[in-house]
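Q:
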Amino acid sequence: GKHEKYQFKFELLFGDAENDKLTVDQMTKSYSTGSCMFMVITVDEFFISGVFPFKLLEKKREEVDILRDIIEDLQDEVKGLKQQLNEKKDALWSQVVYKPDYTGEVTDNQW
């Protein structure tokens with residue numbers, strides 16, 4: 419027959435990276451110093467059910483590498499802001515039209 423019961427749940431939780439006996443109940447939703455991230459998959463199907471935590475390994479990084487990434491992100495942000503500014507400047511300049519009237523004088527409504 420047709421079985422309607424099924425459930426998959428994915429959570430990102432934090433727990434003590436050094437604790438080999440860590441349970442999902444001991445994990446939290448917020449990071450604290452010394453924690454590592456776990457992806458916790460809860461399955462409740464007719465053929466399998468259980469809670470499966472997977473430790474997400476984190477690559478050790480030097481402070482210099484982190485600073486390089488921050489500088490690169492900031493440079494990208496500045497580049498994007500400059501591009502937006504240039505687009506606005508170009509749009510404004512395209513609206514400015516210099517047309518002297520027939521007398522050769524420039525009037526206020528032309529600027």
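Under the working numbering, think of the first position of the sequence shown as 419, with each following residue one higher. Idealized CB from N, CA, C, for every residue including glycine. These numbers come from a predicted model, not from an experiment.
1) Considering only residues of the segment 444–513, which uninterrupted beta strand (DSSP E) runs meet the minimum length of 3 residues and lie entirely inside it, listed in chain order?
2) So, for Phe428: in the same chain, excluding its five sequence neighbours on each side, which residues have a beta-carbon less than 7 Å away from its beta-carbon?
3) Taking the C-alpha atoms as reference points, what is the distance between Pro471 and Arg486?
4) Is it the case that the Cβ atoms of Phe426 and Val469 are separated by a distance below 7 Å?
5) Quick check: the Cα distance between Ser450 and Asp508, rounded to an integer number of angstroms?
6) From this set, Glu480, Trp511, Asp483, Met455, which residue's C-alpha is nearest Phe432's C-alpha?
7) What does a CB cutoff of less than 6 Å around Ala435 pick up in its chain, not counting 5 residues either side in sequence?
8) Hey, quick one: how far does the beta strand (DSSP E) through Lys427 stretch, first residue to last?
A: Well, looking at it:
1) You should have 453–462, 467–473.
2) Sequence index remark: in the sequence shown, residue 428 carries index 10 (1-based). The beta carbon of Phe428 lies closer than 7 Å to those of Met457, Ile459 in the same chain, with the five residues before and after it left out.
3) Numbered from 1 along the sequence shown, position 53 holds the residue referred to as residue 471. Numbered from 1 along the sequence shown, position 68 holds the residue referred to as residue 486. Approximately 33 Å, taken between the alpha carbons.
4) Position 8 of the sequence shown holds residue 426. Position 51 of the sequence shown holds residue 469. No, they are not a contact pair.
5) Here residue 450 is taken as the residue at index 32 of the sequence shown, counted from 1. Here residue 508 is taken as the residue at index 90 of the sequence shown, counted from 1. Between the alpha carbons of Ser450 and Asp508 lies a gap of roughly 48 Å.
6) Here residue 432 corresponds to residue number 14 of the sequence shown, with the count starting at 1. Minimum Cα-Cα distance from Phe432 among the listed residues Glu480, Trp511, Asp483, Met455 corresponds to Met455.
7) To locate residue 435, count along the sequence shown from 1; it is residue 17. So the qualifying residues of the chain are Cys454.
8) As a working note, residue 427 is residue 9 in the sequence shown. Here the beta strand (DSSP E) through Lys427 covers 426–434.
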